[in-house]
Structure formats: structure tokens, C-alpha cells
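The opening residue of the sequence shown carries number 9 in my numbering; numbering runs sequentially from there.
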Amino acid sequence: MPSQVTLARLSKGLFAFSLAILCTTPVLAQDASGIEPLDLPWLQKVHKAARDLDYSGVIIYTQDQSSQSMKLVHIIDGTGERERLEILDGEPREFLRQNEVTQCLIPEKKMVVIERRENERFPSFLVGDVSQLPNFYDMRRLPSRERVAGRPCDLIELVPKDDQRYGYRVCADTDHHLLLKMQTLDPQQVVVDQIAFASVAFGEQVDLQELRTSWNPSKWEVVEPEVQKIDLSELGWHLALPAGFSLRSEMLRPMRAGRQVTHLMMSDGLAAISVFLERVGTPEAEENSLGAFHRGSMNMYRSRINDYVLTSTGAVPVQTLRALLEGTQFTPLSRTH
9 MPSQVTLARL
19 SKGLFAFSLA
29 ILCTTPVLAQ
39 DASGIEPLDL
49 PWLQKVHKAA
59 RDLDYSGVII
69 YTQDQSSQSM
79 KLVHIIDGTG
89 ERERLEILDG
99 EPREFLRQNE
109 VTQCLIPEKK
119 MVVIERRENE
129 RFPSFLVGDV
139 SQLPNFYDMR
149 RLPSRERVAG
159 RPCDLIELVP
169 KDDQRYGYRV
179 CADTDHHLLL
189 KMQTLDPQQV
199 VVDQIAFASV
209 AFGEQVDLQE
219 LRTSWNPSKW
229 EVVEPEVQKI
239 DLSELGWHLA
249 LPAGFSLRSE
259 MLRPMRAGRQ
269 VTHLMMSDGL
279 AAISVFLERV
289 GTPEAEENSL
299 GAFHRGSMNM
309 YRSRINDYVL
319 TSTGAVPVQT
329 LRALLEGTQF
339 TPLSRTH
């Protein structure tokens, strides 16, 4: 689940900017239905709670007919953020995070994989630059309250203004503002996936000892995949980014059997899309796997440009992924000089 569920973080500068907006934003009145419009600083407050609070609990992620449970512990101390995420179903996996460095423990291989990036997992939910969100989503608080994990929470809807993205319904703890539940909604308002706390504790109720893993990885193999930042435009690629989306990273990363793949990540502040570019290996095999694929909120679309297979994937409608790849152009460097 952690690889699918895409989530995010809040920069210091952006938060300062949001506070300035908050000080100058007029009070928004409820309409006759009791639905209250929301502004961007309110969403940022909910996102910030995921970084600033001590909390722990069991999380359930549901997609299609399958579900996965996890145990999460998050602590703030003198070193910054510390977190332990334990997968409770299937093969044992643990993710030990300190700030932007995450260790993935794989017990059956006695291996530790190191990842260096900002946290993108629930209950974080904003991704990168969020300044354009009001242009692409109607944000509103519903009049009814819910209970999630025994806690009262405020119900918020993020309704897309176009067909390029899904909608979201989230519930934030009334007292602590932490995100307790997040649902992804398709254009028919059907829930296509959900992630939520089944139990949650705050502050002094959080046991610091739960940050410790029960494994002893001191003698395990440590692997840190080498990634290289690149600029695709300099290599002749011109991407057709969906409206409201901006590139967040462009890198070359290792894959199985010594192969390398170019990985791009883009976001509109809520939804994230990954694009993978790889040179064709066996053309017949690659051609058989082109087209659209679907699971829960996650869609995938694959196409071929020249000697490359492009794979786009994310929790967005498949037509967004298709338009992204079909509008992308590649001019080999030999033709640019």
C-alpha cells in the first residue's frame, strides 16, 4: 500500500504564505444547505497536523474487494519527525522514518532499503505546491459530523471542477485537526478507495517504545538505490502536463536486472501522477502490454513513442493519463542539432 497511496508535505515558505492569506481572508458564510466553503489555509492546517503531532494507531486501506492493515507511530522530538509504519498483513514489512530518510525493512531477504524523500503517506495528503488547488477543486465543509476511530471529525469534500481528476471526501479530527479518513470518489461519487484510522491515540497516550522495531537489522544487507536527477526537456522530451499539474521530480533510477528507468512525478497539490520511460526490450512483449489498466482508484496507461515505452499511473481518471502520453512529444537529440 505505501507505494500506492500517494500523499505529501508542507514547505516552510508555503505555510508562511498560507498564514498571510488566512489573516486577509474574509469570513465565509454557510449557504442554506449548511455547506460551508473552505479556504486553502484550513486544508493546510489539517495537513500540518500530520507533521506536528504525536499520534499512533491502526490504519485500514481498502481498495476494490481487498484491504490492508498497518500500525503507525509518529513522534516529534529533538531530532525532528520519527515514524514507524508496520504492515500487519501478508509478508512482514516495516518502514522506519526519520525526517526525509526512510528505511524499508524486508525480513525474508534480511535487507534494508534506504529511501531519501519527503513523506507522502497518510495522514499527510497535500503534495508540493498547493496554491492552484482552489482553481481546480471546490472545497467545502459539510454540515454533518462523523465519528472515525471513536473520534468526532469534520467532514470535508474536495469536488473537482473538471474531468481531469477525482474528488475526495475527508474527515479531520475536530480537536486535533489530524486527518482520520480519506476517500477517493469517481465522477459518479462512488468511493473507489479509502484509507482511515481504525484506532488512534494522541499526545501522552502514544508509547515511545512503539518506535522500536522487533527485528534486528544491524547485520542485514543495506541497499540505497542510486538515483540521478535529469532534465527531460534537454533530452528532447516535451510533456503534455494536465491542467493544474506541475513537475515535482525527474530522475533516472535503477530497475530489476540492471535496467534503468526514467521516473517523473507530477502533482496538482492533491493527486499525483508518475510517468516511467524505458527503452523497448522485446518489442513484441512490450506491444502486448500497451493500453489502459485499472485497479480501484489507480489507473495505468501505456503507450510507445519511438524506441520507448511510457507508463503513466496515478489516482486520476484514465483519460487524464491517456491525454498526457498521447500529447507528449519526443525529438531525438540527433535531430535538434
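Just so you know, even glycine gets a beta-carbon here, dropped at the ideal spot from N, CA and C.
Only a predicted model underlies this, so the values are computations on that prediction, with no experimental measurement involved.
Own chain residues within Cβ distance below 7 Å of residue i, not counting five before or after
i	result
S207	G65, V66, A157
S152	L163
R159	D181, L188, V208
K237	E258, M259
A58	P131, S132, L186, L187
V230	V120, I122
Beta carbon of residue i nearer than 8 Å to that of residue j
i	j	result
I83	L243	no
C179	L193	no
F210	H185	no
S275	R256	yes
D171	Q327	yes
R129	V324	no
V120	P233	no
V135	L278	yes
Residue i burial status per 10 Å Cβ neighbour count (16 or more: buried)
i	result
V167	exposed
S74	exposed
I68	buried
K56	buried
I203	buried
S320	buried
M190	buried
V199	exposed
G88	exposed
Q111	buried
P195	exposed
Q71	buried
S2	The shown model of the chain, from 9 to 345, leaves out residue 2, and the question about it has no answer.
M263	exposed
H246	exposed
H302	exposed
N307	buried
Q197	exposed
G322	buried
V283	buried
E91	buried
DSSP three-state assignment for residue i, whether helix, strand or coil
i	result
Q202	strand
L96	coil
F338	strand
A280	strand
N314	coil
N127	coil
P45	strand
V231	strand
L329	helix
F133	coil
S275	strand
N224	coil
L298	coil
T33	Caution is warranted here: a pLDDT of 32 is assigned to T33, below 50, making its placement in the model unreliable, and no coordinate value can be reported.
Neighbourhood of residue i by C-beta distance below 6 Å, restricted to the same chain and skipping five residues each side
i	result
G335	A248
E286	V269, V317
T14	Note that T14 has pLDDT 35, beneath the 50 cutoff, so the model's placement of it is unreliable and no number is given.
Sequence-distant residues of the same chain with beta carbon closer than 8 Å to residue i, five excluded per side
i	result
P340	G244, N314
L46	L36, M147, R148, R149, I164
### Message
What ranges does the beta strand (DSSP E) occupy inside the stretch 155-215, keeping only unbroken runs of at least 3 residues that lie completely in it?
### Response
As summarised for the stretch 155-215, the continuous beta strand (DSSP E) elements at least 3 residues long and confined to that stretch are 159-168, 175-181, 187-193, 199-210, given in chain order.
### Query
At what residue ranges does the stretch 234-270 contain a whole run of the beta strand (DSSP E), taking only runs of 3 or more?
254-262
#### Entry: Whole alpha helix (DSSP H) elements within the stretch 48-121, 4-residue minimum
Within the stretch 48-121, the complete alpha helix (DSSP H) segments at least 4 residues long are 48-60, listed from N- to C-terminus.
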